[in-house]
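For the sequence shown, the residue numbers in this note's numbering are 380 to 955.
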Amino acid sequence: MYESFFGLSREPFSVAPDPLFLYMSQQHREALEHLNYGLRRGGGFVLLTGEIGAGKTMVWRCFLEQLPSDFDVAYVVNPKLGVEALLARVCEDLRVDLPAGARVVDPIDALHGHLLLAHARGRRTLIVVDEAQALSVDVLEQLRLLTNLDTSDRKLVQVLLIGQPELRTMLEKPAMEPLAQRVVARFHLPALAEAETTRYIAHRLSVAGLAGEVPFDAGALARVHQLCGGVPRRINVLCDRTLISAHAARASRIDRRLVDIAAGAVFGRSAAPHAPVPDAAAAVMVAPQRQPKTAWLVGGGVAAGALATLVLAGPWLAPSSAPDLPPPTAATAALTSAAPGPATVSAMGVPPATLPGAAVPGDGLAAAPGDRNPMEAAFSAAASADEARAWRALARLWGVTLGPGEPCTAAVQQGLRCHRSRGGLPPVRQLGRPGIVKLADEQGRVAHLLLVGLDGQKATLRIGSTELSLPLVQLSRAWRGEFATLWRVPPGYREADSAEAGSPLTPWLGERLTSVDGAIAASGPVGESAVRERLLSFQLAQGLQPDGLAGPLTLMQLNRASGIDEPRLQGGVRTP
Numbered sequence: 380m381y382e383s384f385f386g387l388s389r390e391p392f393s394v395a396p397d398p399l400f401l402y403m404s405q406q407h408r409e410a411l412e413h414l415n416y417g418l419r420r421g422g423g424f425v426l427l428t429g430e431i432g433a434g435k436t437m438v439w440r441c442f443l444e445q446l447p448s449d450f451d452v453a454y455v456v457n458p459k460l461g462v463e464a465l466l467a468r469v470c471e472d473l474r475v476d477l478p479a480g481a482r483v484v485d486p487i488d489a490l491h492g493h494l495l496l497a498h499a500r501g502r503r504t505l506i507v508v509d510e511a512q513a514l515s516v517d518v519l520e521q522l523r524l525l526t527n528l529d530t531s532d533r534k535l536v537q538v539l540l541i542g543q544p545e546l547r548t549m550l551e552k553p554a555m556e557p558l559a560q561r562v563v564a565r566f567h568l569p570a571l572a573e574a575e576t577t578r579y580i581a582h583r584l585s586v587a588g589l590a591g592e593v594p595f596d597a598g599a600l601a602r603v604h605q606l607c608g609g610v611p612r613r614i615n616v617l618c619d620r621t622l623i624s625a626h627a628a629r630a631s632r633i634d635r636r637l638v639d640i641a642a643g644a645v646f647g648r649s650a651a652p653h654a655p656v657p658d659a660a661a662a663v664m665v666a667p668q669r670q671p672k673t674a675w676l677v678g679g680g681v682a683a684g685a686l687a688t689l690v691l692a693g694p695w696l697a698p699s700s701a702p703d704l705p706p707p708t709a710a711t712a713a714l715t716s717a718a719p720g721p722a723t724v725s726a727m728g729v730p731p732a733t734l735p736g737a738a739v740p741g742d743g744l745a746a747a748p749g750d751r752n753p754m755e756a757a758f759s760a761a762a763s764a765d766e767a768r769a770w771r772a773l774a775r776l777w778g779v780t781l782g783p784g785e786p787c788t789a790a791v792q793q794g795l796r797c798h799r800s801r802g803g804l805p806p807v808r809q810l811g812r813p814g815i816v817k818l819a820d821e822q823g824r825v826a827h828l829l830l831v832g833l834d835g836q837k838a839t840l841r842i843g844s845t846e847l848s849l850p851l852v853q854l855s856r857a858w859r860g861e862f863a864t865l866w867r868v869p870p871g872y873r874e875a876d877s878a879e880a881g882s883p884l885t886p887w888l889g890e891r892l893t894s895v896d897g898a899i900a901a902s903g904p905v906g907e908s909a910v911r912e913r914l915l916s917f918q919l920a921q922g923l924q925p926d927g928l929a930g931p932l933t934l935m936q937l938n939r940a941s942g943i944d945e946p947r948l949q950g951g952v953r954t955p
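As structure tokens, then:
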């Protein structure tokens with residue numbers, strides 16, 4: 380909406396926890412240092428607490444990206460799970476094989492055996508629990524018991540608890556003393572100081588492509604801090620609305636009054652009691668946070684006089700668990716665009732072919748009656764969105780059919796390999812290929828969906844023959860950054876050969892690199908050395924770890940850069 384007006388290349392104030400926008404305040408640096416310190420202790424609990432919207436998830440995502448490669452991570456997103464469900468989730472994430480055919484299986488025994496094997500292979504295990512203030516006493520006790528699993532020289536499990544300030548209060552209770560004594564590191568993430576708020580806003584605008592002066596004047600920046608209390612999420616919401624208001628008024632400089640206008644729409648009219656609302660800006664900003672089934676937004680520029688556009692809008696997608704947040708910017712953008720044609724998918728709901736109650740050909744999947752947004756549609760179809768089905772759908776994009784058995788094992792027979800990442804959207808964008816995302820909601824429902832499209836505001840997900848367009852802010856509430864995809868191996872590829880460029884892969888590497896950099900590959904030992912140097916240059920250019928090794932990430936990017944025909948992640952909404 381306003382990006383081009385302010386000279387931006389992307390949305391600067393999305394509430395999605397994109398690590399690209401991470402602002403390293405002193406508090407954030409200290410939080411990461413404490414997490415890394417706790418990790419080095421090799422056992423017990425590590426605590427990260429903070430107010431709602433203070434940036435805990437952003438810090439965690441950054442911490443995750445820095446984890447050594449020898450870590451296995453289990454991520455518990457639903458703190459309302461009981462003890463058995465928690466253990467099942469941990470076993471699932473860590474791929475613990477439970478004995479088949481046994482009537483009674485003790486998951487602790489199976490988990491202990493798995494952890495001992497992982498330890499023998501030099502791997503370490505971290506269990507992460509988000510929103511940990513909602514954990515029951517029984518679940519916390521079970522987590523404490525898990526940290527009892529050890530060898531003679533090292534604990535086998537470490538636990539990171541992320542939560543709101545109530546988590547600290549819980550652990551101060553006498554009944555929690557056994558667990559509290561095992562906390563090896565803790566950090567409470569405070570809100571930003573006023574000077575940090577100013578730098579935070581400037582940082583996000585710079586990352587979004589701003590080349591000139593920050594459009595907020597000093598009074599506006601002070602007012603943003605006053606209204607938001609230095610809480611990053613609230614800053615994002617208010618600044619986004621303020622830029623919308625300024626764009627509507629054609630104001631290139633933002634003052635305190637424009638901030639107050641936006642605050643009235645975002646936080647309620649009482650947030651800005653002294654701010655008169657100019658006609659042009661008010662027409663855009665007075666839309667309530669929760670729209671009825673039909674709502675009309677009127678926008679216009681001051682210079683254009685009474686010019687206005689009426690746009691029919693669907694319900695906001697923001698869930699009831701976050702009443703203080705405004706509608707997602709991706710949804711707001713959808714309100715000001717033309718209605719989608721039959722070949723596209725609406726950013727506010729399901730495609731025309733999958734309106735509530737409509738049947739969809741293919742897998743027999745239909746949106747459940749009453750589904751009102753893409754996320755609910757996804758979970759309503761969770762029974763049809765299991766992981767094996769998602770792998771089969773992904774394989775079809777590669778033109779192959781997976782045989783029976785474990786998908787990744789079956790993929791090997793087709794010259795493909797599985798690749799998994801946990802770093803959120805940045806590695807997904809870098810790979811640029813479709814893959815599987817695992818979503819989980821507060822009711823414990825799990826859905827494995829095929830990600831086929833991604834742009835700066837929304838993701839396009841596929842279940843069977845149905846495609847759903849989902850704002851990234853909605854995706855981030857149910858997705859914890861896990862991504863799985865396929866890649867094609869070079870002819871004669873073996874895992875043992877991929878560690879060094881000077882291997883049977885060397886001729887193939889030289890040929891592929893030549894198609895990228897135009898250099899001619901030499902032969903013999905000198906040629907092997909030259910290929911390694913060229914591989915280092917390629918990795919640096921692609922933003923990969925410059926180690927000169929032909930690992931999976933390097934081979935995937937080399938396939939892509941050299942023009943090998945593979946499925947690509949679409950940059951926008953994908954049509955069937």
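Positions of the beta carbon are idealized from the N, C-alpha and C atoms, including for glycine. Here the structure is a predicted model, which is why all the values come from computation and not from measurement.
**Report entry** Beta-carbon proximity list for I580, same chain, < 8 Å, skipping 5 on both sides
**Finding:** V593, F595, L600, V603, I614, C618
**Report entry** Sub-8 Å separation of F385 and R583 beta-carbons
**Finding:** no
Query raised in the report: If you run the structure through DSSP and keep just helix, strand and coil, what is S393?
Result: coil
Report task. Entirely within the segment 427-481 and at least 4 residues each: give me those alpha helix (DSSP H) ranges in chain order. Result -> 435-445, 462-472
Query raised in the report: Under 8 Å between the Cβ atoms of A564 and Y416?
Result: yes
Query raised in the report: Looking at the structure shown, is G386 part of a helix, part of a strand, or coil, going by DSSP?
Result: coil
Requested in this report: Could you tell me the boundaries of the beta strand (DSSP E) in which R841 lies?
Outcome: 837-842
Report task. Can you give me the Cβ contacts of M434 inside the same chain, cut-off strictly under 7 Å, excluding the 5 residues immediately before and after it? Result -> The sequence as given places Gly at residue 434; Met does not occur at that position. For G434, where only same-chain residues beyond five positions count, the Cβ hits under 7 Å are H407, L568, P611.
Query raised in the report: Taking buried to mean at least 16 other C-beta atoms within 10 Å of its own C-beta, is Q342 buried or exposed?
Result: In the structure as shown, the chain begins at 380 and stops at 955. Residue 342 is therefore absent and cannot be evaluated.
Report task. Taking only the alpha-carbon atoms, compute the straight-line gap between A628 and L637 and give it to the nearest angstrom. Result -> 9 Å
Requested in this report: Take T933 as the anchor and find which of E520, L914, P870 has the nearest alpha-carbon.
Outcome: L914
Requested in this report: Measure the alpha-carbon distance for A857 versus P925 and round it to whole angstroms.
Outcome: 33 Å
Requested in this report: State the beta-bridge partners of F566 as determined by DSSP.
Outcome: L427
Query raised in the report: What is the residue span of the beta strand (DSSP E) that E551 lies within?
Result: Where E551 is concerned, there is no enclosing beta strand (DSSP E), given that its DSSP letter is neither H nor E.
Report task. For P356, name the three-state secondary structure that DSSP assigns. Result -> The requested residue 356 is not part of the displayed model; the chain covers only 380 to 955.
Query raised in the report: Is the segment 543-554 close to the segment 423-438, with three or more CB pairs under 8 Å?
Result: yes
Query raised in the report: Using 8 Å as the threshold, is the segment 843-851 in touch with the segment 790-801, meaning 3 or more CB pairs across them?
Result: no
Report task. Tell me whether A826 sits in a helix, a strand or coil according to DSSP, three-state version. Result -> strand
Query raised in the report: Can you tell me the Cα-Cα spacing of F646 and A819, whole angstroms?
Result: 29 Å
Requested in this report: Determine the burial state of N527: buried for a count of at least 16 other Cβ atoms within 10 Å of its Cβ, exposed for fewer.
Outcome: exposed
Query - Enclosing alpha helix (DSSP H) for A599 [first to last residue] - result: 597-607
Requested in this report: Please name the residue or residues paired with S800 in a DSSP beta bridge.
Outcome: F862
Requested in this report: Please report how far the alpha carbon of A909 lies from the alpha carbon of A410, in whole angstroms.
Outcome: 42 Å
Query - Residue from E382, I623, L606, A826 whose Cα sits closest to the Cα of G588 - result: E382
Requested in this report: Please report the Cβ distance between T864 and L810, rounded to the nearest whole angstrom; I am assuming they are in contact, meaning their Cβ atoms lie under 8 Å.
Outcome: 6 Å
Requested in this report: Could you check if V724 is buried or exposed, using at least 16 other CB atoms within 10 Å of its CB as the buried criterion?
Outcome: A caution first: V724 carries a pLDDT of 31, below 50, which makes its placement in the model too unreliable to give a value.
Report task. Rounded to whole angstroms, what's the CA-CA distance from G598 to L460? Just pull it up for me. Result -> 46 Å
Query raised in the report: So is P557 buried or exposed if we call it buried at 16+ other beta carbons inside 10 Å?
Result: exposed
Requested in this report: Could you work out which residue in L948, V779, T893, L401 is closest to L937 when comparing CA atoms only?
Outcome: T893
Query raised in the report: Do you know offhand how far E412's Cα is from K817's?
Result: 29 Å
**Report entry** For V438, the nearest candidate out of G501, V852, L539, E520 (CA to CA)
**Finding:** L539
Query raised in the report: Between which two residues does the alpha helix (DSSP H) harbouring V868 extend?
Result: Note, V868: premise wrong, no alpha helix (DSSP H); not H, not E.
Query raised in the report: Taking the alpha carbon of A644 as the point to measure from, which residue in V452, F450, L606 has its own alpha carbon closest?
Result: L606
Query raised in the report: Taking the alpha-carbon positions, what's the V779 to D451 distance?
Result: 30 Å
Query raised in the report: In terms of alpha-carbon separation, which member of G432, W866, D476, R801 lies closest to A326?
Result: One cannot answer for residue 326 here, as it falls past the ends of the chain, which runs 380 to 955.
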